[in-house]
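Number of protein chains: 2
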Amino acid sequence: MSITINEIPVKRVDKSRLPEVDFDNLAFGSVFTDHMFRCTYREGRWQQAEVVPYGPLTLDPASKIFHYGQSVFEGMKAYRDSDGKAWLFRPEENQRRLNISASRMAIPELPDGLFMEGLKALLEVDRDWIPGQSGSSLYIRPFIFASGTGFHASPADAFTFIIACAPSGSYFSGKVSVKIEEAYSRAADGGTGFAKAGGNYAGQFYPTQLAARDGFQQVIWTDDHRHEYIEEAGAMNIFVRIGDTLMTAPTSDRILDGITRKSILQLAESEGIPVEVRKIRVAEVVEASKNGSLREMFGAGTAAVVSPISSFGYRDELFELPEPEDSYAAHFKKRITDIQYNRAEDPFGWRYPLG
Amino acid sequence: MSITINEIPVKRVDKSRLPEVDFDNLAFGSVFTDHMFRCTYREGRWQQAEVVPYGPLTLDPASKIFHYGQSVFEGMKAYRDSDGKAWLFRPEENQRRLNISASRMAIPELPDGLFMEGLKALLEVDRDWIPGQSGSSLYIRPFIFASGTGFHASPADAFTFIIACAPSGSYFSGKVSVKIEEAYSRAADGGTGFAKAGGNYAGQFYPTQLAARDGFQQVIWTDDHRHEYIEEAGAMNIFVRIGDTLMTAPTSDRILDGITRKSILQLAESEGIPVEVRKIRVAEVVEASKNGSLREMFGAGTAAVVSPISSFGYRDELFELPEPEDSYAAHFKKRITDIQYNRAEDPFGWRYPLG
Ligand SMILES: Cc1ncc(COP(=O)(O)O)c(C=O)c1O
Ligand SMILES: Cc1ncc(COP(=O)(O)O)c(C=O)c1O
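Sequence lines, in order, name chains A and B.
All residue numbers for the first sequence refer to the working numbering, where the first residue is 1 and numbers rise by one.
All residue numbers for the second sequence refer to the working numbering, where the first residue is 1001 and numbers rise by one.
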């Protein structure tokens, strides 16, 4: 499925909001750039795409997004290097995954080219919004939702694909303490957990609020059958280091195939770090914590980058994690961000230059 | 949590669209009435409600509904009797369930009164839209979605509650053949399956499309662990009749507590029909079909009313169902619609008069 992307027309804002933004104090994903990319699907095909001023969408109250949560999204970032050049990180992976998600959610896939051309067109126009401050980046949110209407519980016949951007600082502020969840679940076998589908996220909010009341920033999900194995967190895959072995759960129906996760695995393998991709029992992590062999846990994701976990709660007990000198988390965070910000060699060809 | 509902202001359309509607050929949920009820939540509370012309909503592209599927809904109907009087069916049950759903999805609950007062205010204005044709009714869709903005995966701080209506004919056209699903799942233990949350529905579309290619109208979901037990269908609870015993699965984390289901159970008990609410193994249904003791299967839901199932597919085999003379489905459909359309006594006080 390939279309020729015609020249993408651009409608520019009269006056940029850029001067109003305090780039030294950026929150995460709450200030949006001047423009957005937009393309709609109707009458069986994706229509002419365009870049337009960022602004309100007008939707019928019967649009299926409001009723049936038919939507998918991606999360990626643009990075500015010290020379002012801008880069993406493995964007084809996001393109691929968006289509995998779309297919599971009965949303028409994007034709080849539309995603990358849209991204480039938008980032050309909003280029100056990519922060230069270290630790900051331009968070990019491609998403597709059901704009077609009707109260019949069936797929919509019209969709809207938008890419919007927000210059952002870090996702977490401060230490990250997590709760290993045993009552609620994120995903079912044969469900939508592997897709970046809107509804997967809303379902996590309430259990995460409950965990937050007990002082946790995130929930670590376990399998819904017996809550025996560690799966992933709300917006990060999870790594565990026992001794010198780095471990993470295999991807499955229930776990998002994270790009940061797979990049860390590839780096670790290339560096000869012992890696095990296998189901991780909660019991063995607790045991390792008790006998001192649990050296680290960390989350990995585009938004959270690599986030060390300072402690985890399990059945009313809080387990503190050490802060090892030779931290894998710190190491991989540096290796990955060095590639992202063009501060180091890029042996795997992950960096993607933005014009 | 109770508020005094002030007089609800009404902004009327200049010209009704009612004369354009062909009430003799109504589809399901695709033509909308002149008005809608609307109330927004922000700054920690539900604001002044109003009835306004049905029309487009204006939303920021960063509204969390587009990204995280944070939404819940209800489905109910208004019925017109032969004297022209209008009725609802157990509306307090919908009100109660909407709040249960909202709570699971980290959406602020509606204060007492808002739901019922909103419903009444809207139906007073759009009263003439309630069809008089037998088999038709006014489908009513209350829904709440996240209108607050941000790319951080956390609950929104603003929500919109809307009630919209669509005069509707029957949900299914023709025979209903179902597929007993073994590969995909609808819900996880500890998940959101018991809530009328948007994302639960989008997740069903793709598996249902696959089933449709094989000639099925609906999927019957089984437990995600081992696909051993019958749970429910996309928008209906499922009943099975073996011999003269009526059976349905118990509600759970994974199954919606249907109002039609519980009404049928209550009717059956009051009539001395043997009822079993218990886990139903797929294997026993297949076995019963083979030995001739499987007499009926039917779906029950507000939209589908009582829908007899004509056949079910399981592992490449198609099992035809008989059409018994003393059909429970026909019996309960008649009993329930007789109450709904005010053609019979209402022993349980289910009918709710609309002014
Ligand atoms: C559920 C979930 N798991 C893991 C990740 C990490 O994936 P990635 O590294 O591709 O950002 C994300 C965020 O994107 C996510 O939403
Ligand atoms: C998943 C699901 N199950 C069952 C039902 C039936 O519930 P009710 O009888 O309350 O309409 C519905 C529809 O409302 C539903 O969406």
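We put the beta carbon where it would ideally sit given N, CA and C, even for glycine.
The structure displayed is predicted, hence computed values, not measured ones.
At a cut-off of 8 Å between beta carbons, SER30 (chain A) contacts chain B.
Separation of SER63 (chain A) and ALA156 (chain A) (C-alpha to C-alpha, rounded to the nearest whole angstrom) is 8 Å. Distances taken from the Cβ of THR1149 (chain B) to the heavy atoms of ligand 2 include none shorter than 7 Å. Spatial neighbours of ASP338 (chain A) in its own chain (CB-CB distance under 6 Å, excluding positions within 5 residues in sequence) are listed in chain order as ALA344. Residue environment for ASN1094 (chain B): buried (at least 16 other C-beta atoms within 10 angstroms of its C-beta). Judged by beta-carbon spacing, GLY1203 (chain B) lies beyond the 8 Å limit of ALA78 (chain A), meaning their Cβ atoms are not closer than that value. In the DSSP assignment, ILE162 (chain A) is bridged to A:ARG38, A:PHE143. Cα atoms of ALA188 (chain A) and TYR1201 (chain B): separation of roughly 14 Å, rounded to the nearest angstrom. In the three-state scheme derived from DSSP, where H, G and I count as helix and E and B as strand, GLU93 (chain A) is classed as helix. For GLY1258 (chain B), no Cβ of chain A is located within less than 8 Å of the residue's own Cβ.
Chain-order list of chain B residues neighbouring GLY198 (chain A): HIS1067, TYR1068, GLY1069, GLY1199, by C-beta distance under 7 Å. Contact of GLY1234 (chain B) with chain A by beta-carbon distance below 8 Å involves ALA153. At least one CB of chain A lies nearer than 8 Å to the CB of ASP1189 (chain B).
Contacts between ARG104 (chain A) and chain B, judged by CB atoms closer than 7 Å, involve TYR1206 in chain order. At least one heavy atom of ligand 2 falls within 7 Å of the beta-carbon of ASN1237 (chain B). Proximity of LEU265 (chain A) to chain B, defined by a Cβ-Cβ separation below 8 Å, is not satisfied.
With a beta-carbon spacing of about 6 Å, PRO1108 (chain B) and PHE1159 (chain B) fall inside the 8 Å limit used to define contacts. For TYR229 (chain A), not one C-beta of chain B is nearer than 8 Å to its own C-beta.
For the region 1139-1169 of chain B, residues whose beta-carbon sits nearer than 8 Å to a beta-carbon of chain A comprise TYR1139, ARG1141, PHE1143, PHE1145, ALA1146, THR1149, GLY1150, PHE1151, HIS1152, ALA1153, SER1154, PRO1155, ILE1162, ALA1164, ALA1166, SER1168.
Counting only residues of its own chain and dropping the five nearest sequence neighbours on each side, ASN342 (chain A) has a CB closer than 7 Å to the CB of ASP81, LYS85, TRP87, ARG351.
Unbroken beta strand (DSSP E) runs of no fewer than 3 residues, entirely contained in the region 259-313 of chain A, are found at 275-277, 294-301, following chain order. At a cut-off of 8 Å between C-beta atoms, ASP126 (chain A) does not count as an interface residue with respect to chain B. Neighbours of ALA62 (chain A) in chain B, taken as residues at a C-beta separation under 7 Å, are given in chain order as PHE1032, ALA1164.
Restricting attention to A:ASP126, A:VAL31, A:PHE37, the CA atom closest to the CA of LEU354 (chain A) is found in A:ASP126. Following the DSSP letters along the chain, one finds PHE1216 (chain B) in no alpha helix (DSSP H), marked with neither H nor E. Put simply, the backbone Cα of TYR1068 (chain B) is about 26 Å away from that of THR1222 (chain B).
Residue side-chain check: LEU98 (chain A) keeps its Cβ at 7 Å or more from all non-hydrogen atoms of ligand 1. Burial is judged here by how many other beta carbons sit within 10 angstroms of a residue's own beta carbon; GLY301 (chain A) has at least 16 and is buried. Closer than 8 Å to the CB of GLY203 (chain A) there is at least one CB belonging to chain B. The alpha carbon of ARG295 (chain A) has as its nearest neighbour, out of A:ARG42, A:ILE130, A:SER134, A:ILE242, the alpha carbon of A:ILE242.
The C-beta of PHE312 (chain A) comes no closer than 8 Å to any C-beta of chain B. At a C-beta separation below 9 Å, ALA183 (chain A) has these neighbours in chain B: GLY1190. Annotation for THR1058 (chain B): no alpha helix (DSSP H) segment contains it, though the beta strand (DSSP E) segment containing it runs 1057-1059. Note that the region 258-273 of chain A does not touch the region 138-154 of chain A; fewer than 3 beta-carbon pairs, one per stretch, sit closer than 8 Å. Taking 8 Å as the cut-off, the Cβ atoms of SER1327 (chain B) and SER1177 (chain B) do not count as close.
In the structure shown, ALA62 (chain A) falls within a coil segment according to DSSP collapsed to helix, strand and coil.
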